[in-house]
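A.B. asks:
Numbering (this note's numbering), first residue to last: 1 to 210.
What follows is the structure, given as structure tokens:
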């Protein structure tokens with residue numbers, strides 16, 4: 001049985017403000033850095049042999065405390081970058097809606113059919129991130145940790161479940177949360193999804209839906 005632990009990066013100020021980040025290189029907030037330390041603490045007993053991250057700094061920053069504990073380097077991989085939000089990057093949903101009436105509602109109701117202007121679609125993300133994810137199971141350095149982004153993680157989950165990309169919004173994945181995928185004799189499965197240490201499961205905040 002091979003395992004990959006998928007960790008969503010810690011919070012950024014743009015997460016807090018509800019801004020589309022996409023591939024803008026936005027650093028972690030103070031809370032995000034604390035979340036990175038909490039992830040390292042929660043996963044400290046797992047004998048990771050490899051730490052991989054999106055090449056964007058918010059993912060690398062989240063990975064570094066765990067990698068430092070293990071004496072491992074963080075391996076940045078371009079294929080795991082967040083979806084390109086294109087012209088929407090830096091804007092809130094309200095700002096996007098003023099410029100492109102109906103666009104945000106379509107993104108929220110038919111995400112698999114949307115290509116962001118100047119950016120990507122979920123199919124584009126799947127085409128680059130899914131093969132890169134599967135390739136991690138071909139590596140002998142097991143288990144592995146993968147620090148990525150909300151959209152990328154949800155696209156991977158859709159693929160594992162053989163669900164249409166339109167199912168994207170059926171997952172809620174918090175910043176700094178841990179999901180585990182296993183590859184065994186019966187194929188790929190989700191062993192854990194969206195775990196956050198010390199979280200009150202009855203008061204989890206609603207995602208802003210970006």
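Note that CB positions come from ideal geometry on N, CA and C, so glycine has one too.
Quick caveat, the model's predicted, so the values are computed rather than measured.
Below 8 Å on the Cβ atoms is my guess for residue 116 versus residue 85; work out the distance and round it to an integer in Å.
C.D. replies: The residue given as residue 116 occupies position 116 in the chain shown. The residue given as residue 85 occupies position 85 in the chain shown. Right, their Cβ atoms sit about 5 Å apart.
A.B. asks: Taking the C-alpha atoms as reference points, what is the distance between residue 112 and residue 171?
C.D. replies: Indexing the chain shown from 1 puts residue 112 at position 112. Indexing the chain shown from 1 puts residue 171 at position 171. One C-alpha to the other measures close to 14 Å.
A.B. asks: Do residue 24 and residue 177 count as a contact pair if the criterion is CB distance below 8 Å?
C.D. replies: Here residue 177 corresponds to residue number 177 of the chain shown, with the count starting at 1. Here residue 24 corresponds to residue number 24 of the chain shown, with the count starting at 1. Not closer than 8 Å, so no.
A.B. asks: Secondary structure at residue 141, three-state DSSP: helix, strand or coil?
C.D. replies: Taking the first residue of the chain shown as position 1, residue 141 is located at position 141. If DSSP states are grouped into helix, strand and coil, residue 141 belongs with coil.
A.B. asks: Could you compute how far the alpha carbon of residue 62 sits from the alpha carbon of residue 55?
C.D. replies: For the purposes of this step, residue 62 is taken as residue 62 along the chain shown, with counting starting at 1. For the purposes of this step, residue 55 is taken as residue 55 along the chain shown, with counting starting at 1. Distance between the alpha carbons of residue 62 and residue 55 is about 12 Å.
A.B. asks: Please state whether DSSP places residue 2 in a helix, a strand or coil.
C.D. replies: Mapped onto the chain shown, residue 2 falls at position 2. Looking at residue 2 - three-state DSSP - the assignment turns out to be strand.
A.B. asks: Could you name the residues of the same chain whose beta carbon sits closer than 7 Å to that of residue 14, not counting the 5 residues immediately before and after it, in chain order?
C.D. replies: Position 14 of the chain shown, counted from the start, is the residue given in the question as residue 14. Same-chain partners within the cutoff: 21 and 26.
A.B. asks: If we count the other Cβ atoms within 10 Å of its Cβ and call it buried at 16 or more, is residue 197 buried or exposed?
C.D. replies: Counting from 1 along the chain shown, the entry for residue 197 is found at position 197. When all chains shown are included, residue 197 counts as exposed.
A.B. asks: Quick check on the DSSP output: the beta strand (DSSP E) that includes residue 187 runs from which residue to which?
C.D. replies: By one-based count along the chain shown, residue 187 stands at place 187. Taken as a continuous stretch (DSSP letters only), the beta strand (DSSP E) holding residue 187 covers 187-195.
A.B. asks: Are the Cβ atoms of residue 80 and residue 127 separated by less than 8 Å?
C.D. replies: As a first step, residue 80 is located in the chain shown; it is residue number 80 there, counting from the start. As a first step, residue 127 is located in the chain shown; it is residue number 127 there, counting from the start. Against a cut-off of 8 Å, the Cβ pair of residue 127 and residue 80 comes out as no contact.
A.B. asks: Can you list, in chain order, the residues of its chain whose CB lies under 6 Å from that of residue 174, leaving out five sequence neighbours each side?
C.D. replies: Position 174 of the chain shown holds residue 174. Once the five neighbours on either side are set aside, the close Cβ partners of residue 174 are 196.
A.B. asks: Which of helix, strand or coil does DSSP assign to residue 44?
C.D. replies: Here residue 44 is taken as the residue at index 44 of the chain shown, counted from 1. Looking at residue 44 - three-state DSSP - the assignment turns out to be coil, as it is neither helix nor strand.
A.B. asks: Have a look at residue 202 and residue 57 and give me their C-alpha separation to the nearest angstrom.
C.D. replies: What you label residue 202 is simply residue 202 of the chain shown in a count that begins at 1. What you label residue 57 is simply residue 57 of the chain shown in a count that begins at 1. Note that residue 202 scores a pLDDT of 43, beneath 50, so its modelled location is shaky and nothing firm can be said.
A.B. asks: Name the two residues that bound the continuous alpha helix (DSSP H) containing residue 64.
C.D. replies: Residue mapping note: residue 64 aligns to position 64 of the chain shown, counting from 1. Note, residue 64: alpha helix (DSSP H), 57-70.
A.B. asks: If we count the other Cβ atoms within 10 Å of its Cβ and call it buried at 16 or more, is residue 154 buried or exposed?
C.D. replies: Reading the chain shown from its first residue, position 154 is the one you call residue 154. Buried, by the Cβ-count rule.
A.B. asks: When burial is assigned at 16 or more other CB atoms within 10 Å of the CB, is residue 1 buried or exposed?
C.D. replies: What you label residue 1 is simply residue 1 of the chain shown in a count that begins at 1. Residue 1 is exposed by the Cβ-count criterion.
A.B. asks: From which residue to which residue does the alpha helix (DSSP H) around residue 131 run?
C.D. replies: Taking the chain shown and counting its residues from 1, the one referred to as residue 131 is at position 131. Here the alpha helix (DSSP H) through residue 131 covers 122-136.
A.B. asks: Would you say the stretch 43-52 touches the stretch 139-150, given that touching needs at least three Cβ pairs under 8 Å?
C.D. replies: The stretch 43-52, when compared against the stretch 139-150, does touch it at the 8 Å Cβ threshold.
A.B. asks: Does the Cβ of residue 114 lie closer than 7 Å to at least one heavy atom of the ligand COA?
C.D. replies: Annotation note on the ligand COA: not contained in the displayed structure, which lists no ligands.
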